[in-house]
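End of the sequence shown sits at 763 in our numbering; the numbers just go up one at a time, nothing left out.
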Amino acid sequence: MTGPSFADIILPLAVRGRFTYMIPDDLVDAAMPGVRVTVQFGGNRSYTGIISDVHNRPPVAGKARPVISVIDGTPLINSIQLKFWNWISEYYLCAEGEVMKAALPSEIGQNNFRPRFENYICLASSFTEAELNKILDSLGKAPRQQEMLSAWIRLSGYTESSPVAPVKKSLLLAETRSSSGIIEVLVKKGYLSEIPLEVTRLVKSADNREPVKVLSEAQQSAYNKIKNVFDDKDIVLLHGVTSSGKTELYIHLIEEQLKNGRQVLYMLPEIALTTQIIERLKRHFGSLTGVYHSRFSEPEKAEIWQKVAVDDPLNGFRLILGVRSSLFLPFRNLGLIIVDEEHDGSYKQQDPAPRYHARDSAIMLAALHNAKTILGSASPSIESYNNAVKGKYGLVELKERFGNIRLPDIILANTREAYKRRLMVSHFTPELLHAIDEALGNEEQVILFQNRRGFSPYIECSECGWIPVCIQCAVNLTYHKGAGRLVCHYCGYSTGMPGKCGSCDSTGMVTKGFGTEKIEDEIKIVFPAARVERMDQDTTRNKNSFNKIIKAFEDRRIDILIGTQMISKGLDFENLTVVGILNADNLLNFPDFRAHERSFQLMEQVSGRAGRRQKQGRVVIQTSDPSNKIIRMVLRHDYLSLFRLQTEERTTFNYPPFCRMIKINIKHRDRTLLNQYSEILGHELKEIFGKRILGPESPVISQVQSWYIKTILIKIEREKPPARAKQLIAEAIEKVSREKGASALRIAVDVDPY
Ligand code: ADP
Ligand code: ZN
Ligand code: ZN
């Protein structure tokens, strides 16, 4: 007996470790890594799991239960994916089952998804236009056949460069009001052919492909440099100022990979960004291109999954544009991963597990495929730039904007002064109003950035200072004027606007601070003729709302667009010349060691939207402290100074990238028990790690959804491999979780927290 007798199975549970099952004799052939199986776990509950390994090693303790059935005939998950899941679970200290839950669209492999096929008609071979005309002439005596062929030409959008262009048979018959006999004759004559193609739920893109743009001299030299670096390194950091043409460079690199028959993953931090870039990519790569993000329905996701997995030039995807979860698609042979806006914090998954960083995981995934990775940014993360400086990554720079347009002119507007001299109009400084006024006069467009949604971040009693807070979280409620409600941005709880103070009964409740909704209201008063729209979480709840707003701005049906960080990144608008940053102070004063890095990136990024074509753009930054050193660096677009300052500070105070950081979040509904158990865990960890442990501490927001929170921070040396430390952390958590009464405790580990 030689066949494997045991299988390790990944179950959709948040439990770390291996689950070994016995393979009954009749399933030995079918039980292979990557197929789904049914097994029982705990009592008699049935679960669908995935085989990660088959072997002959019986479990150390207890008796293995049998695999009940094997669901798939062929592996649903390929071997690289299995390795990738395993890496994520080990590096980010979570269960493989949690990775599986994040990775698999829920409808994948379900029978109702089995693809539907429909018959299409295309040319029997790549006829040229001249040849087609000749054929048409020859059919002069058979008008029905001639009409059929003409109809095909019309409906298919045939061109010599894409002669295949399939047309649905049913459509062709309906349009010509003929029977399928006519088509059969043309097929027999060798002009047309009939093929079954998969019916898609996805929007099918036209295949009129444009050749890629010719690179400028600076771009060409950057391109050559990237290729050179790739000869002996796997990762390149492309540091290119905003609008230097990084995307154009990516397009060239993509084309090369596709020609070599390899797949490419192009990652973006935000769904809103996929809208514009997908159009640019489809223009060149047509229907080889797919998009993937969380706004797709489960059946759509399952279909995209399928198209990435198949090796099929007509129905398959070779280029995927996606957000972080696209890393989990079943790529067959990736040649390149592009991580655009690599500095962006949205690449880090917060909750639930796996709390992975998509940039760092992308590098791992590329390595598993023997592929290259390119990280792109106008203001790289300190981590990546440090890796480039140290020679771990290659560094390639693009210092000029495409077409030699100058970087935007930055104007600092002092809000403290303006308030004092009573020059503020609502929340707008004279400098900003003047710039907007000029832009509108020239029929140019404006973007106003404020990183808070809603009308005002809180309301307050003018008599006693009482502020309404969430009933389940330790945060102030945000006032949303349109909805007429106070809303918690952490748990979604909402309540009506109180008529009077909850403490002293006074009726003098006033709004404090401002969010995008208030800016929208007030700018409409100042510029009543301007067409104003807002783009933030509240206005983009529908799947297509991003597209609608972005399209309207492109078509110049909006003069002033107000938005949160959603509008700060990557968008490319021809006629946008003025950008206003309404409040730089609340970016800079955020209590986090990355706050300065982030503010610089955000301001540089949002500024980069202005003046990308004919004309230099203008950016007005409103701040109460124009002498702030980070703002001075933004003023000069001086990334290197930021990098130097940050490396200095982080070396001194021991922060990443000069140490590894692991954060433990501990939650309990009972505050006393939380304090008790977090102290026990803290003590346990200090025994092992000594001074590397900070806390337990209450975080800035110490209660969310009725759960009280404590955090413990672990800083370990960069030089040591972290696997051993992670093992010890996992063991300490295990131990505390087993304490009497600790079952209602929730402990989450966050490796490389953001
Ligand atoms: P980035 O990604 O660095 O912000 P983009 O690739 O979006 O820059 O380029 C900025 C603008 O310049 C875009 O509108 C782009 O189409 C245009 N552009 C860049 N490179 C070229 C080129 N080689 N030929 C023509 N247009 C280009
Ligand atoms: Zn009051
Ligand atoms: Zn809340």
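Every residue, glycine too, gets a C-beta built ideally from N, C-alpha and C. The structure displayed is predicted, hence computed values, not measured ones.
Inset, instruction - Inspect the CB distances between the stretch 127–141 and the stretch 156–169 and report whether three or more fall short of 8 Å. - result: Between the stretch 127–141 and the stretch 156–169, the count of C-beta pairs closer than 8 Å reaches three or more; the two stretches touch.
Inset, instruction - Please confirm whether any heavy atom of ligand 3 lies closer than 7 Å to the CB of Tyr502. - result: In terms of side-chain proximity, the C-beta atom of Tyr502 is found nearer than 7 Å to a non-hydrogen atom of ligand 3.
Inset, instruction - Compute the minimum distance between the beta carbon of Leu224 and the heavy atoms of ligand 1, and state whether it is under 7 Å. - result: Within 7 Å of the C-beta of Leu224 there is at least one heavy atom belonging to ligand 1.
Inset, instruction - Using alpha carbons as the reference points, say which of Leu102, Gly106, Pro75, Trp94 lies closest to Pro21. - result: Relative to Pro21, the option among Leu102, Gly106, Pro75, Trp94 whose CA is nearest is Gly106.
Inset, instruction - Just the C-alpha distance for Met642 and Ser303, rounded to the nearest angstrom, thanks. - result: Their Cα atoms are separated by approximately 36 Å.
Inset, instruction - Could you tell me if the beta carbon of Lys624 falls within a distance shorter than 7 Å of some heavy atom in ligand 1? - result: The answer is no for Lys624.
Inset, instruction - Give the single residue among Val63, Thr137, Met31, Arg410 whose Cα lies nearest to the Cα of His646. - result: Closest by C-alpha distance to His646, out of Val63, Thr137, Met31, Arg410, is Arg410.
Legend entry - Heavy atom of ligand 1 within 7 Å of Phe294 beta-carbon: Result no, Cβ not under 7 Å from ligand 1.
Legend entry - Whole runs of the alpha helix (DSSP H) within the stretch 393–437, excluding any shorter than 4 residues: As far as the stretch 393–437 is concerned, its whole alpha helix (DSSP H) runs of at least 4 residues are 424–429.
Inset, instruction - Report the residue from Ser390, Arg462, Phe662, Ile391 whose alpha carbon sits nearest the alpha carbon of Thr548. - result: If we check each option's Cα against that of Thr548, Arg462 comes out closest.
Inset, instruction - Figure out for me which residue from Lys408, Ser554, Leu694 has the closest Cα to the Cα of Leu247. - result: Of Lys408, Ser554, Leu694, the residue nearest in Cα terms is Lys408.
Inset, instruction - Over the uninterrupted alpha helix (DSSP H) stretch that includes Lys672, give me the two end residues. - result: Premise fails: Lys672 lies in the beta strand (DSSP E), 668–677, not in any alpha helix (DSSP H).
Legend entry - For Glu169 and Thr137, believed in contact at Cβ under 8 Å, the rounded distance: With a beta-carbon spacing of about 6 Å, Thr137 and Glu169 fall inside the 8 Å limit used to define contacts.
Inset, instruction - Quick one: grab the DSSP three-state call for Pro507. - result: Here Pro507 carries a coil assignment [DSSP, helix/strand/coil].
Legend entry - Opening and closing residue of the beta strand (DSSP E) in which Phe458 lies: Here the beta strand (DSSP E) through Phe458 covers 454–458.
Legend entry - Which listed residue (Ser334, Glu312, Ile346) has its alpha carbon closest to that of Leu328: Cα-wise, what sits closest to Leu328 is Ile346.
Inset, instruction - Spatial neighbours of Ala380 within its chain, please: CB distance less than 7 Å, with the 5 preceding and 5 following residues excluded, ordered by chain position. - result: Around Ala380, the same chain offers Leu343, Gly344, Leu345, Ile346 as residues with beta carbons nearer than 7 Å, after the five sequence neighbours per side are excluded.
Legend entry - Residue interval of the beta strand (DSSP E) (run including Glu706): Start and end: 702–706.
Inset, instruction - State whether the stretch 350–358 contacts the stretch 382–393, with contact taken as three or more CB pairs (one from each stretch) at a distance under 8 Å. - result: With the cut-off at 8 Å, the stretch 350–358 and the stretch 382–393 touch.
Legend entry - Unbroken stretches of the alpha helix (DSSP H), 4 residues or longer, contained in the stretch 518–596: Taking only runs of at least 4 residues, the alpha helix (DSSP H) segments lying wholly in the stretch 518–596 are 525–535, 554–563.
Legend entry - Whole-angstrom distance between Gly190 and Ile372, CA atom to CA atom: About 55 Å.
Legend entry - Cα-Cα separation between Asp418 and Val587, rounded to whole angstroms: Spanning the two alpha carbons is a distance of roughly 10 Å.
Inset, instruction - For Ser608, decide whether its Cβ has a neighbour in chain C, counting only Cβ atoms nearer than 8 Å. - result: The chain inventory of the structure shown lacks chain C, comprising one protein chain alone.
Legend entry - Span of the beta strand (DSSP E) around Ile19: Boundaries of the beta strand (DSSP E) around Ile19: 15–19.
Inset, instruction - Answer yes or no: do Val760 and Ile671 have a C-beta to C-beta separation smaller than 8 Å? - result: In contact: Val760 and Ile671 (Cβ atoms closer than 8 Å).
Inset, instruction - For Lys236, name the three-state secondary structure that DSSP assigns. - result: Per DSSP, reduced to three states, the secondary structure at Lys236 is helical.
Inset, instruction - Report yes or no: do three or more beta-carbon pairs, one from the stretch 582–601 and one from the stretch 471–482, lie closer than 8 Å? - result: The count of Cβ pairs closer than 8 Å, one atom from the stretch 582–601 and one from the stretch 471–482, stays below three, leaving the stretches out of contact.
Legend entry - Closest residue to Met612 among Gly620, Phe582, Gln574, Ile19 (Cα-Cα distance): Met612 has its Cα closest to that of Gln574, out of Gly620, Phe582, Gln574, Ile19.
Inset, instruction - Check whether the Cβ atoms of Gly617 and Ser335 lie closer than 8 Å to each other. - result: In this structure, Ser335 does not lie closer than 8 Å to Gly617 by Cβ.
Legend entry - Alpha carbon of Gly742 to alpha carbon of Ser752, nearest angstrom: Gly is not the amino acid found at residue 742; the sequence shown has Ile there. Cα to Cα, Ile742 sits roughly 12 Å from Ser752.
Inset, instruction - Could you check the C-alpha separation between Lys268 and Phe126 for me, to the nearest Å? - result: When rounded, the distance between both Cα atoms is 28 Å.
Legend entry - Residues bridged to Met276 (per DSSP): DSSP, once it has assigned bridges, lists Gly331, Val348 as partnering Met276.
Inset, instruction - Would you kindly check if the distance between the Cβ of Glu526 and the Cβ of Lys557 is under 8 Å? - result: 8 Å or more divides the Cβ of Lys557 from the Cβ of Glu526.
Legend entry - DSSP bridge partner residues for Ala757 (one or two, in chain order): Within the DSSP secondary-structure output, Ala757 pairs in a beta bridge with Asn674.
Legend entry - Residue closest to Ser134, alpha-carbon to alpha-carbon, out of Gln90, Val196, Ile97: Among Gln90, Val196, Ile97, the Cα nearest to that of Ser134 is on Val196.
Legend entry - N- and C-terminal bounds of the beta strand (DSSP E) containing Asn128: Asn128 -> beta strand (DSSP E) spans 126–132.
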